[in-house]
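Step one of this worksheet: look at the structure below.
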Amino acid sequence: MSRATTEARPFEAGRILGWARDNGVYVAFALLVLFNAVFTTNFTTTATLFNLLIQVAPVLIVSLGMALVIGTEGIDLSVGSVMAIASAIVPLYIGYGWPVAVLIALVVGTLAGALNGSLVAFVGMQPIIATLALFVGGRGLAQVLVGGQLQIISDPSFLALGQAEVLGIPLPVIIAGVLALIVGFVVRRTTFGRYVLAIGGNRAASYLSGHPVRAVLVAVYAISAALATIAGVLATARLSAGDPSTIGILIELDAIAAVVVGGTPLSGGKVSVAGTVMGALVMQVITATFIMNDLPFTYAQILKAVIILIAVYIQRGRGSV
Amino acid sequence: MNERAPILEAREVTKRFPGVLALDGVSFQLQPGEVHALVGENGAGKSTLIKVITGVYAPDDGRVLFGGEEVSFASPRDSQAAGISTIYQEINLIPMRSVAQNVFLGREPRTRFGLLDTERMNREAAEILGRYGIQADVSAPLDSLGLGTRQMVAIARAVSLDARVVIMDEPTSSLEAREVEKLFGVIRQLRDEDVGVVYVSHHLDELYEICERVTVLRDGKLVHTGDLADLSKLQLIATMLGRELAEVEGHATGFGEEHEVGREPVLRARDLTRRHVLHGVSLDVRPGEVVGLAGLLGAGRSETAKAIFGAQPLDSGEVEMDGDEVKTGSPPAAIKAGIAFLPEDRRSEGIIPGLSVRENIVAAAMPRLSRAGLVSEKAQNELVERFMERLGIKASSPDQPVGELSGGNQQKVMLARWLCLNPKVLILDEPTRGIDVGAKAEVQRLIDELADDGLGVVMISSELEEVVEGSDRVVVLKNGTVVGTLSGDEISGENIMAALAEGGSPENGEEAGE
Amino acid sequence: MVANPTGTTAEAAAEEKAGRGERLFALLQRHGALVVLVLVVAVAAFAFDRFLTFRNLENIVAQSAFLGLIAVGMTFVIISKGIDLSVGSLLALGGVLAAFSVQVSGALALVVPVLACGAIGLLNGVLIAKAKMAPFIVTLAALLGVRGLVLAIAGERTIPISDAPVFTWFGRGDVLGIEVPIFIMILAFAVGALVLNRTSYGQAIFAIGGGEDAAQLMGVAVDRTKIIAYTVSGALAGLAGALLAARLSAGQPVVGAAWELDAIAAVVVGGTLLTGGYGTMSGSLIGVLLLGVLQNLINQVGTLSSYTQQMASGAFLIVVVTIQIYLTRRRTL
Chain C
1 MSRATTEARP FEAGRILGWA RDNGVYVAFA LLVLFNAVFT TNFTTTATLF NLLIQVAPVL
61 IVSLGMALVI GTEGIDLSVG SVMAIASAIV PLYIGYGWPV AVLIALVVGT LAGALNGSLV
121 AFVGMQPIIA TLALFVGGRG LAQVLVGGQL QIISDPSFLA LGQAEVLGIP LPVIIAGVLA
181 LIVGFVVRRT TFGRYVLAIG GNRAASYLSG HPVRAVLVAV YAISAALATI AGVLATARLS
241 AGDPSTIGIL IELDAIAAVV VGGTPLSGGK VSVAGTVMGA LVMQVITATF IMNDLPFTYA
301 QILKAVIILI AVYIQRGRGS V
Chain B
1001 MNERAPILEA REVTKRFPGV LALDGVSFQL QPGEVHALVG ENGAGKSTLI KVITGVYAPD
1061 DGRVLFGGEE VSFASPRDSQ AAGISTIYQE INLIPMRSVA QNVFLGREPR TRFGLLDTER
1121 MNREAAEILG RYGIQADVSA PLDSLGLGTR QMVAIARAVS LDARVVIMDE PTSSLEAREV
1181 EKLFGVIRQL RDEDVGVVYV SHHLDELYEI CERVTVLRDG KLVHTGDLAD LSKLQLIATM
1241 LGRELAEVEG HATGFGEEHE VGREPVLRAR DLTRRHVLHG VSLDVRPGEV VGLAGLLGAG
1301 RSETAKAIFG AQPLDSGEVE MDGDEVKTGS PPAAIKAGIA FLPEDRRSEG IIPGLSVREN
1361 IVAAAMPRLS RAGLVSEKAQ NELVERFMER LGIKASSPDQ PVGELSGGNQ QKVMLARWLC
1421 LNPKVLILDE PTRGIDVGAK AEVQRLIDEL ADDGLGVVMI SSELEEVVEG SDRVVVLKNG
1481 TVVGTLSGDE ISGENIMAAL AEGGSPENGE EAGE
Chain E
2001 MVANPTGTTA EAAAEEKAGR GERLFALLQR HGALVVLVLV VAVAAFAFDR FLTFRNLENI
2061 VAQSAFLGLI AVGMTFVIIS KGIDLSVGSL LALGGVLAAF SVQVSGALAL VVPVLACGAI
2121 GLLNGVLIAK AKMAPFIVTL AALLGVRGLV LAIAGERTIP ISDAPVFTWF GRGDVLGIEV
2181 PIFIMILAFA VGALVLNRTS YGQAIFAIGG GEDAAQLMGV AVDRTKIIAY TVSGALAGLA
2241 GALLAARLSA GQPVVGAAWE LDAIAAVVVG GTLLTGGYGT MSGSLIGVLL LGVLQNLINQ
2301 VGTLSSYTQQ MASGAFLIVV VTIQIYLTRR RTL
């Protein structure tokens, strides 16, 4: 009993806020699932669950890269356009076999990301501007590549990437899970992960500690774009077509929201990979809720914008104690 | 002095910050027409008191009275409008705007149509500057002026606000002797106009020249207030430090005697040059030697330090360690060669506040603690434990975010970051700024010990006393040039000031290393 | 010697010499856009017969008027060291609201978009100034949220405007043979320049962009100044949307995509620093006209798809910002 009373005391606003920062995403997820279990028909079926997981895979993969970028106190608005570029490149080169097509997409995507990173690291451009340009220009490029047309893909081994199952689990889900584990490991255990956090926590201090700040920044944006490319490939396989006009639209919104809702502050210096995974799930459940209840999707967009604002408000000032 | 109703008064003011009691029931009175010195060590609460008075912070307890009436300013804007103007050490003006625009920001003269009257603004700004003997093109952007002139512009702005109280927080740290004289002229003029002046400075000589009364703060408490003439300089120091007079007479710092100095320099810097910043600075550091860099703000001390460490781009110049050339412009190369650098601004360039004590300590050692890009947790924890113990770092655990520690402990974390690399040369830029008296003496003793162990140390400090007592050799910089080198018994505050005053003449312009 | 309170004469001479190079860079940064504009117009006049006709030039300026209105607000915001990404969506909202309101009255069709978009700008400003949230994230959320709002109000359909001659006059009528939007843009730039350079408010905007903490300590009402800037930016985007709807005789919910990019590019091309504290209205006007001329040339060539244009505007922004960063770096080092 005495323990209960001592723990009850520090119930100040600051603590509640701090708790909300770290755990709000789990509560939000639980509430959303509960809401849907009650109000959405067919929500609690295996088919729905798998569908949800398959659809969350691209968002999750993009969010992982976004989390690293935001960890350096940056932002990457270009992820959706990079997905579109990937979706345009795959049908162009699918004739050489899907591994070649995917490899070319990866190379192009990574180079585009490295360009973003170079503008930030070497030119000193604000991340928002550097990636905003690719956000607009990249989708234009993708459209030019496919000639503004939807490109149907029928190579079954490529389509398997988005649709096959291993041990009953959809392949995109497995890929997303593995990538989440890798990024989690990188953040926790590698020198690179430490550099990312140090740069986001205090770029000048990181530089004066001898960290390779510029190289890390270029790498982070390149990784973000590479992950976006993978997401684009999976989405393309799922759709059975290269379609730059729909693939990756507004995904930067979901990704930023997933990262921030998951407890990673925009001010950098901290990355929560587990929180990002949960954040991505939350965003996807919101989308699913609107779709399954036949609500206009534009309301989901408004709701997500509000969620971003609330999450950023709760996370603000964090990391610079 | 006749006792009149105070123009400004703080009664029993208390201000808490997370983990710190910055002001503890402090009272302060300022008469109209007096110049009142506010002194205390770094962290004693002077700045906090000023910020409470000017409305930057709201006090947790206590009252502020202005002109006999209780006030609670919500912002500096309110206090300024009421008639309290403040001059800060770090010049708070807008560099990209013109001198006149800075002088009149927020109270621009207008024409009949309500539009800005630029012509009148420039004319009146020139008049104001002229009144205080400041020569500057009022339509030129502020950042085209030298630091000293900029500070004089800040002073001109503050006193031209028709203030009844002017607060000056370390106004002379970027001023040369001639400009200090001008400032004193301005202060006397204000005094004659019945304005109350609060003067904060750690240059004690200045206080005795211009102030009538003094209030001493220590650790957030009021420890003395009275006429300055009643206290000798040593008594004042003793009061500030909270020690017996006898203790102070010998040493005011934690530094010991001179060190055994090696013959061959471990570090040789030659002709470090960067347009507008450094003009051929050369510097030698021998093992076991503490080399002090003295000079005013903007003299190029920090830039010299950063240049040696590779963090300041150079147009030309060389750095050698043990005879081997070090690639300039690359901190990793400097670190590899055995150079360590503790930056001046701990908050913005030193600590990574959100990261733990552990990660802050190992920040520079990361490449050595990892293999194939993976961090070795074991090696890292050993190192962190050893250095937390050796330097007496007080933290709840190595996982505590470093931003939550006191200034002194943060500084020790910074020292640990570098000492765990076993450097040969340690460059310290203001190593004791903003930490409390106890930690300060500890850091100073540590610097001594390190030099005794054969480390070459370069130390920058704005506190003359620290440079004089801590250094085996002092290199005096002015406008990015070495203007004098003092060693042994030559090292004294007077000689440093003299070198600064004569700076630029050929016989003092010799190279520092010889 | 007397006129040189700090430093020696030798140094003064060295600074003087270096100063000349810096002045050239400063000049280039300030008037580079004008030089480019003149060159582009000169080349276009030779390359295309139809370019240098009154009709075509008038058309260019009139087409630019809507971006111009947005650029006026964006100039204030960027000089204050902020950014407003929501303007494109607000443009669409303004157009749709105008198309609905005009069914009640023509005056309402101008007032409602300005008030509604101004209110959203006000919300942006409050979140940025009072809640201390980063401008880009607040206005990014507004970009997406407002677009959602527009689609929720109008769906994807275009809302036609008919039988509103007074309202549509504001979009495509003419006075003395010159189109009305041109007058409105010129008026907006003139008022903007006056406010920026000749009022205390303008001084406060510059001061905040040049050093927010210092401005605060010097007694500038930082929060209020910022909130007004974002409110004005929103209101002008709403007005631009209404006028564009008047010109097109329709409120289009999909209009305005990537306009924030063009507005930022126009402002930055005009020499306003993306890092705040320096900028001019005249520069922004030149930037807007330059973009308008380039757009016109693209149309004259006629073979470039809208996708290629998207690529071009992305690349254009990168090049312009990169050049500006290098020019200012030379100047301030």
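Protein chains in written order, with my numbering: chain C, 1 to 321; chain B, 1001 to 1514; chain E, 2001 to 2333. C-beta atoms are modelled at their ideal positions from N, C-alpha and C, and glycine is treated no differently.
Among the options, the one whose alpha carbon lies nearest that of residue i
i                : options                            : result
V260 of chain C  : C:I314, C:A37, C:A101              : C:I314
I175 of chain C  : C:G263, C:I61, C:E252, C:A241      : C:I61
G80 of chain C   : C:T190, C:P296, C:I286, C:I249     : C:I249
E1034 of chain B : B:A1081, B:I1128, B:I1210          : B:I1210
L134 of chain C  : E:L2317, E:T2328, E:D2084          : E:L2317
E1359 of chain B : B:R1347, B:V1375, B:D1345          : B:V1375
D1322 of chain B : B:L1272, B:K1424, B:E1303          : B:K1424
R1433 of chain B : B:A1451, B:G1338, B:L1464          : B:L1464
Q1029 of chain B : B:I1427, B:A1010, B:V1277          : B:A1010
S224 of chain C  : C:G95, C:A142, C:L115, C:I291      : C:L115
T246 of chain C  : C:G140, C:L181, C:P212             : C:G140
D1489 of chain B : B:F1104, B:S1348, B:L1267, B:V1468 : B:V1468
Sheet register partners of residue i (DSSP bridge)
i                : result
G1086 of chain B : What sits at residue 1086 of chain B in the sequence shown is Thr, not Gly. Per DSSP, B:I1167.
D1272 of chain B : The sequence given here places Leu at residue 1272 of chain B; Asp does not occur at that position. DSSP output for L1272 of chain B lists B:V1281 as bridge partner(s).
M1459 of chain B : B:G1292, B:L1428
V1326 of chain B : B:V1319
E1404 of chain B : Beta-bridge pairing links E1404 of chain B to no other residue.
P2160 of chain E : E:A2250
Short CB-CB distance (under 8 Å) between residue i and chain E
i                : result
E1320 of chain B : no
Y299 of chain C  : yes
M66 of chain C   : no
Y1057 of chain B : no
T6 of chain C    : Residue placement at T6 of chain C is flagged as unreliable, the pLDDT there being 34, under the threshold of 50; a coordinate-derived value is accordingly withheld.
E1108 of chain B : yes
R316 of chain C  : yes
Residue i at chain C interface by Cβ criterion, 8 Å
i                : result
R2147 of chain E : yes
F1341 of chain B : yes
A1010 of chain B : no
M2311 of chain E : yes
A1337 of chain B : no
G1025 of chain B : no
L2097 of chain E : no
E1070 of chain B : no
8 Å contact criterion, which residue i and residue j should meet: CB distance rounded
i                : j                : result
F2167 of chain E : A2246 of chain E : 5 Å
R1286 of chain B : E1264 of chain B : 7 Å
G1262 of chain B : G1288 of chain B : 6 Å
I2137 of chain E : I308 of chain C  : 7 Å
Chain B contact for residue i (CB, 8 Å cutoff)
i                : result
G269 of chain C  : yes
A198 of chain C  : yes
R2198 of chain E : yes
F50 of chain C   : no
- Listed from N- to C-terminal order along the chain, which residues in the region 117 to 140 of chain C have their beta-carbon within a distance smaller than 8 Å of any beta-carbon of chain E? Residues of the region 117 to 140 of chain C that bring their beta carbon within less than 8 Å of a beta carbon in chain E comprise L119, V123, G124, M125, Q126, I128, I129, A130, L132, A133, L134, F135, V136, G137, G138, R139, G140, in sequence order.
- Task: Can you give me, in chain order, the residues of the region 201 to 234 of chain C that have a beta carbon less than 8 Å from any beta carbon in chain B?
- Result: So the close ones are G201, N202, A204, A205, S206, Y207, L208, S209, G210, H211, P212.
- Task: Report the residues of the region 2167 to 2182 of chain E with a CB closer than 7 Å to any CB of chain B, ordered along the chain.
- Result: Residues: none.
- Message: For the region 146 to 176 of chain C, list every residue whose C-beta sits within 7 Å of some C-beta in chain E, in sequence order.
- Response: Listed by position, the residues of the region 146 to 176 of chain C near chain E (Cβ gap below 7 Å) are G148.
- Could you run through the region 2289 to 2301 of chain E and flag, in chain order, every residue whose CB is less than 9 Å away from some CB of chain C? Nothing from the region 2289 to 2301 of chain E brings a Cβ to less than 9 Å from some Cβ of chain C.
- Message: At a CB distance below 9 Å, what residues from the region 2076 to 2097 of chain E approach chain C? Give them in sequence order.
- Response: From the region 2076 to 2097 of chain E, only I2083, L2085 have a Cβ closer than 9 Å to chain C.
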